[in-house]
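In order, the protein sequence lines correspond to chains A and B. Residue numbers for the first sequence follow the working numbering, beginning at 51 and rising by one. Residue numbers for the second sequence follow the working numbering, beginning at 2 and rising by one. One structure is given below, encoded as structure tokens.
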Amino acid sequence: MNPTSRREFLKHFGLGAATLPFLGNLPSLGFAGSSERKQRLVVMFSPNGIVPKNFWPDEEGTDFKLKPIMSPLADYQDRMLVLKGVCDKIRGDGDSHMRGMGCLLTGTELFPGNIQGGSHTPAGWASGHSIDQEIKRYLQSSPDSQTRFGSLEFGVVVPERADTWTRMVYSGPNQPVAPIDDPYQMFSKLYGQLKDRESLKSILDELQTDLGKIRQLVSVEDRKLLDEQASFVRDMERELQQENPAEVGHKVPELEPGIQDTNDNMPKISKMQIDLMINSFQADFSRIATLQFTNSVGQARMRWLGVEEGHHQLSHEPDDNDDAQDKLTKINTWYAEQLAYLVKRLDETPEPGGTGSMLDNTQIVWTNELGKGNSHTLNDIPFVLIGGGCDFNTGRSLKFDRVPHNRLLMSFAHGFGHHIEQFGNPDYCGDGPLSLS
Amino acid sequence: MFRARQKLIFLLIASVCWSGFCNRASAEESASPGQKIYQKLCLDCHGEQGQGVESVYPQPLIGDLSVNELTTYIEKTMPEGEPEKCVGEDASAVAGYIHEAFYSITAQARNRKARIDLARLTVPQYQNSVTDLVQSFTWRRSLGDKRGLEADYFKSRRRNRENQVLERTDGRVDFDFGEKPAFLADLIAKEEEARKAAADKEDKEDEEKKEKDEDPPVQEEYSVTWNGSLYAPETGEYVLNLKTENSGRLWFNTERDPLIDARVKSGDQTDYTTTIKMQAGRLYSLRLEYFKNKTEKTGFVQLRWKRPHQTEEVIAERYLIPENSPWSLVVETPFPPDDKSVGYERGTSVSQEWNNATTFAAIEVADKVLKRINELAKLPKEEDKHAEHLRQFCEDFAERAFRRPLSEEETQLYIDRQFDQAENPLTAVKRVIILTLKSPRFLFPGAAEQDFDDFRVAEWLALALWDSIPDEQLFQAAAQGNLSSREQIESQVQRMLRDDRARVKLQGFFHQWLNVDHFHDLSKSNELYPGYDAKLLSDLRTSLDLFLERVVLQDDSDYRNLLTSTEYPLNRKLAEYYGMPQPSGEDFEFVSFEPESRAGLLTHPFLLTGLAYDDASSPIHRGVFLSRSLLGRFLKPPPEAVAPLPVDLHPDMTTRERVAMQTSSATCMACHGMINQLGFTLENFDAVGRFRQQEHGKPVNSLGLYLDRDGEKAELEGARGLADYLISSDAAHNAFVEQMFQYLNKQPIQAFAPKTLQKLRSEFEDSGFHIRKLMGNIALESVLVARKLEQAEN
């Protein structure tokens, strides 16, 4: 056997998937939209901590200056909440990277297991589900907020292995959800049915022609069976040609063909995934999305920024290594640019069937598994909140006194009207959700 | 389905009716006395030719009672409300007339016009055809004789030559390695010796240092890989379970992503399961990598599965082979079940659901093929040559699907137009696949063929023996004109019979013949049958399959052994439950099981259990089964649904007495006279198939009387008496031949030449009732007759 590698496969499929003709009237594959406000949540993850001095604003309150890493987000400073002092207090099995990743959205311990990190005890998967999945369940439980997928998990250059460092979304204890880091695969998930409709439409003429011919060949007694079959095929044709009244009125995105899933294509893949996410929101396929760049301990080599070293390796360099600090700043600034692109797209897109922009109804959370790479601290986990999805009072820089991040996770649920009293480990939920409005 | 006491069962009433039409005795003068009476007394309700009268009695008069039985029935019941009007000679004359004119089997066969209907592929035929079609672009592995999995044992997590300590074939993956695995015993002993020697030599002060320098004990970390293939005995959903305290990964039917990835050990999870669909008779490559980590104290690994209709268990050696297999496509799109109203699945009707299923399945197949197109179309490195290869692939695909070469016009329609119109070759491939699999040329075998040529012969044989498309050899034989003479066809049939697919088809026939799929999920009264559980039932089913398989695969493949053999496969659980000595191994072993009372499959506990209530045996269910399946008798549904008498209402009665009492009326007895008597012969076996001589303190009476179609009476003493009767009964042989014929061809045997059944039966007898030869003869005879009929028509 000569198995095709995933990359070869992608290369081929890029061609097929991407050359889909532009479709003006796209039938909705989602549920019919409702008049209720469509609140959304996007969690974007980048790994290995940040460079504190180039990240955290010095000031507190409404009057604050963005540091270099955050500079790409300058246009949206008034839509932003920068939260310092939120800490991942979950302890137990696993090293900081593992817990940083596995407990980030779950707020609960990892099971003991066999995955040995750099230090501490080996660990397995998280022992609970993540907040995005909690909110997804809440939204899916009501017909007004139910969507076709409920949530979509996007990835960008996530390594092809399932372990504690590569998974942050959990649908339940021991149930990690793999992000889809292949835009063509995501495209197929979102629009595959449509492609199939196109393929079917294209062969119907030939099929009917041949059915008619064969009909002449069989005896009168047997003709009945073929006539019945022909009528079913005609029904199918009618069904395919029918315009679906519930249009979503958005274009099927056109993907650049043949982009391989490699480190160097990270910028392209990032943009493709963000575009697909915007499309899926427009079609109301989902109201929850996660966007995971690489993984905890991720080793992206951002050669396009002139950084040859791997990200994780750089993050271990001491604070006095200026070169490393500079490169880490560049890397994190690049991630901020990706975020800025996402925010801009949402801001530019009017809310379908509603008022304002999609950004007004979308809560974006940019986070990380560590506070700082070389210390592996789980204190001061970066949390940058943008958009109006949870109706937080934005345009502020806030500094907390080491509050457990479980409380912030609860704030997101409360922002959706889902008033949970605890999330993850209840010991860290005292005093309830952080008040951000 | 026969389970709950409170459920209504059908008491079957003998039909007084056979359909067909009478030899038109047009003139009143020439009418026989019987016909005259019929016209006077019966015609108003039953119609001129016994076809029935819509508003009065719409059912046709068809059946298989003898003339005497029919006479008695008429005397007692007909005309309705006034049975005294037709008795004695009159009753006998009218019975004789309708028997001869339209009622009896022979009358019906004589009157029926031979016709082979156009049919679509049945669901299994669709699934097998598609799988073989796609696999024709790679290769096929057959089951062969080797069993087990190739195993490589390593003294480290690193799996390389240097660390390999053992290479062998394991019958099953079922290992409790404990703290010190046996395969490392030598190494552990050596290490301990070395440590002891070192300890003796070195000073006590060095101890601490030594401990630091020392390598970790060898049993701390090790790994094993198992390689080979898994054989699926039935089509359906399987649950695979990698059960381990440690970690591992399981690849199944692919070398790409593992089906089960349990590399991360998390918490106390030990079961890693997934559900997948498999197809009967197919082999799927399997690779299991197992790791024991430093942090884990002990090692434990099992590879388990839950087969359709069965309980979970470790995968037994007979389903594992130590050789790999190519990827095998499984159609996962659900299909509506085939029409089985005539007793066997056939494809003589289409529906919206079926059409939709073929559409979704075509898309599914196209997507799966495209994912592996490099390998299937053997695409070269040079991309500029891809289009050419893809086109060739499409031509081959359509040719194999249509089971004949494409004409120029078809090539134009199916291939050229797609490549001309699609924006790139891969899109064209997708369209060709969908169009091909939606085409009537694929879905309706024979529809597009004007002559019964050699390709039609090949197609017929492949469907009859394999439920699939011709393989390359068969296709080539057709292409070279080597499927014309009887001898040429026969030599292909002989070859095809040796293929796994023929074996699967035969197994499918047995399942249908014995109705086994109708009685899974049987539970029994805990109070009466303690120890009877789902696992026991599951093992019984396996035992029946193994029993059938052995009889069929033996050199003499003797039908009579099915009914008389007393060698039954039992495993430990079954042996214990049925009071037999324990087999030596884990698996089933054939043992002589109550040879003085048992008789082949008639007394196989799975059948006896299936044909029983939860708290009592059921002579009626057993009798219906014997009448229909074994003796080929025709039974119409009972006129009304009747609940069986509850056991506790008559606690002192035997089952036989209770059944006899409930069915004692004349109306009931018309059918139950036969049904009950046959069922009573198995009364020595209770609701779970255990032998008994007493019931409720009374001796069991297992004598049954049977009147055959010609009115011949036979006394059957118990199961062995029944078996002895059946193995020498022409009617039973006919029933077996006819049912197999219809299962293989999905067409009624009456549609073929009238002598076909007789010919096949006598060949069957001459061959010493050789089952596999019968299968071959049916395929051979049916295709020859069908060709002759078609040529006569043109």
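Think of the CB as a built atom: it goes at the ideal place given N, C-alpha and C, for glycine as much as any other residue.
P432 of chain A and T171 of chain A have their alpha carbons spaced roughly 25 angstroms apart. With a threshold of 16 other beta carbon atoms within 10 Å, S447 of chain A meets it and is buried.
Counting only the Cα atoms, E587 of chain B lies some 49 angstroms from D118 of chain B.
Per DSSP, reduced to three states, the secondary structure at P700 of chain B is strand. For D171 of chain B, the pairing in a beta bridge is given by DSSP as B:L150. Note: M279 of chain B is bridge-paired with B:G237 in the DSSP secondary-structure output. When beta bridges are read from the DSSP output, E568 of chain B appears opposite B:S593. When CB distances to chain B are screened at a threshold of 9 angstroms, the residues of the region 162-196 of chain A falling below it are P162, G163, N164, I165, Q166, T171, P172, A173, G174, W175, A176, S177, in chain order.
Neighbours of N294 of chain B in chain A, taken as residues whose beta carbon is under 7 angstroms from its own, are N164 in chain order. When C-beta distances to chain B are compared with 8 angstroms, the residues of the region 235-253 of chain A below that value are D246, S249, L250, S252, I253, in chain order. Counting every other CB atom within 10 Å of its CB across the protein chains shown gives A479 of chain B a total of 16 or more, marking it as buried.
In the three-state reduction of the DSSP assignment, V689 of chain B falls in the coil class, being assigned neither a helical nor a strand state.
A contact between stretches requires three or more CB pairs, one per stretch, nearer than 8 angstroms, and the region 359-373 of chain B meets this requirement with the region 419-435 of chain B.
In this structure, B:E313 is the residue among B:E246, B:E313, B:V225, B:E168 with its C-alpha nearest to the C-alpha of Y239 of chain B. The beta carbon of R288 of chain B is closer than 6 angstroms to those of N228, W252 in its chain, skipping five residues each way along the sequence. The region 320-331 of chain B makes no contact with the region 255-272 of chain A, as fewer than three CB pairs between them are under 8 angstroms. When C-beta atoms of the region 175-185 of chain A are compared with those of the region 154-162 of chain A, three or more pairs fall below 8 angstroms, so the two segments count as touching. Contact between L276 of chain A and A448 of chain B holds, since their C-beta atoms are separated by about 7 angstroms, short of 8 angstroms. Secondary structure of I470 of chain A (DSSP, three-state): coil. Contact of Q270 of chain B with chain A is assigned, a C-beta pair being separated by under 7 angstroms. With the criterion set as a beta carbon lying under 7 angstroms from some beta carbon of chain B, the region 426-458 of chain A has no members that meet it.
The residues E238, V240, in chain order, have a CB closer than 6 angstroms to that of T276 of chain B in the same chain once the five nearest residues on each side in sequence are set aside.
Of all alpha-carbon atoms in A:R149, A:R87, A:L326, the one lying nearest the alpha-carbon of S346 of chain A is that of A:R149.
Cα atoms of Q663 of chain B and G51 of chain B: separation of roughly 30 angstroms, rounded to the nearest angstrom.
Pairing K77 of chain B with A661 of chain B gives a Cβ-Cβ distance that is not under 7 angstroms. Judged by DSSP in its simplified three-state form, P80 of chain B adopts coil rather than helix or strand. Residues are counted here when their Cβ sits less than 7 angstroms from a Cβ of chain B; for the region 214-230 of chain A these are T214, N224, given in chain order. At a cut-off of 7 angstroms between beta-carbon atoms, A449 of chain B makes contact with chain A. With contacts defined by Cβ atoms closer than 7 angstroms, D213 of chain A and I165 of chain A form a contacting pair. Taking the Cα positions, V206 of chain A is about 6 angstroms away from T344 of chain A.
Residues of chain B whose Cβ lies closer than 7 angstroms to the Cβ of A350 of chain A do not exist, since the nearest Cβ in that chain is about 23 angstroms away. Between D272 of chain A and chain B, the shortest Cβ-Cβ separation is below 7 angstroms. Taking I106 of chain B as the centre and dropping the five residues before and after it, the same chain places the C-beta of D65 closer than 6 angstroms to its C-beta, in chain order. Only residues of its own chain outside the window of five on either side were considered, and among them Y239, L241, I316 have a CB closer than 6 angstroms to the CB of W306 of chain B, listed in chain order.
For A732 of chain B, the enclosing alpha helix (DSSP H) starts and ends at 731-746. Here Y579 of chain B carries a coil assignment [DSSP, helix/strand/coil].
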